[in-house]
Amino acid sequence: MTLLNELHQDHVNLNKLLAVLGNKLEKLKQGEMPNFVLLADAVDYITSYADDYHHPLEDQMYEFFKDSGCPELDQAISRCVEEHRQLKQSSHEIIEAVDCILSDAVVPMDQFADKLEHFLDAQIEHLNLEEGTLFPLLDEVATDEQWKALEPLLPKMGDPLFGEKQKQRYIDLYSELLRDMQ
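First residue of the sequence shown? That's 452 in the working numbering, and the numbers climb one at a time after it.
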């Protein structure tokens, strides 16, 4: 599997989780209380996997290909790296809010719904940038030799939710995700 295919598959998996969270958001807006433990697990997966593996992998790839001589690619890379920083901040804000709810702190649900919606919108917008602009440009501009030179520089780590070796803390989330997809 090529690096772009691997990252694309991560995005497919992430979109599945974002769809589940979007469903939870709609129910929350209608006054239903979601399973906040499951919601926390989903947000934790998104943030942990993105912060610890996915975005550093992409950032390393982007660093390798920056100053490519293609202004459109260079601009998309700069924007993407900045979005990674912003997504990390947004992720921590939503995790804080979920933690407060799980700790029985008083959190107005409309404010929480707004934060969750902002989090989801930012994630989706970022994925659209990468899938719609950045990855096609990389596919067009990068040579086979460049991909081969980049490969040994990248970390290897399995995906704890969609990979074969699921971590125990994600099993409930994985089951819920499968139920939502049927």
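Glycine included, each C-beta is placed from N, C-alpha and C at the ideal position.
Which of helix, strand or coil DSSP assigns to residue i
{"i": "V592", "result": "helix"}
{"i": "Q617", "result": "Residue placement at Q617 cannot be trusted, given a pLDDT of 49 that sits under 50; the coordinates are not used to answer."}
{"i": "G482", "result": "coil"}
{"i": "V557", "result": "coil"}
{"i": "K467", "result": "helix"}
{"i": "P606", "result": "coil"}
{"i": "T584", "result": "helix"}
Start-to-end residues for the alpha helix (DSSP H) that takes in residue i
{"i": "Q573", "result": "A quick correction: the sequence has Ala, not Gln, at residue 573. Taken as a continuous stretch (DSSP letters only), the alpha helix (DSSP H) holding A573 covers 560–580."}
Residue i, buried or exposed, once every other Cβ within 10 Å from all chains shown has been counted against 16
{"i": "L574", "result": "Residue identity check: residue 574 is Gln in the sequence provided, not Leu. Q574 is buried by the Cβ-count criterion."}
{"i": "L624", "result": "buried"}
{"i": "A548", "result": "buried"}
{"i": "E509", "result": "buried"}
message: Under 8 Å: do the region 566–578 and the region 504–523 share three or more Cβ pairs, one atom per stretch?
response: no
message: Pairs of beta-carbons, one from the region 598–607 and one from the region 477–497, closer than 8 Å: are there three or more?
response: no
- request: Run through the region 484–542 for me and flag every whole beta strand (DSSP E) of 3 or more residues, listed as ranges in chain order.
  value: none
field: Touching by the beta-carbon criterion (3+ pairs, under 8 Å), the region 483–497 and the region 587–594
entry: no
- request: Pair every Cβ in the region 487–499 with every Cβ in the region 461–474, then say whether three or more of these pairs are closer than 8 Å.
  value: yes
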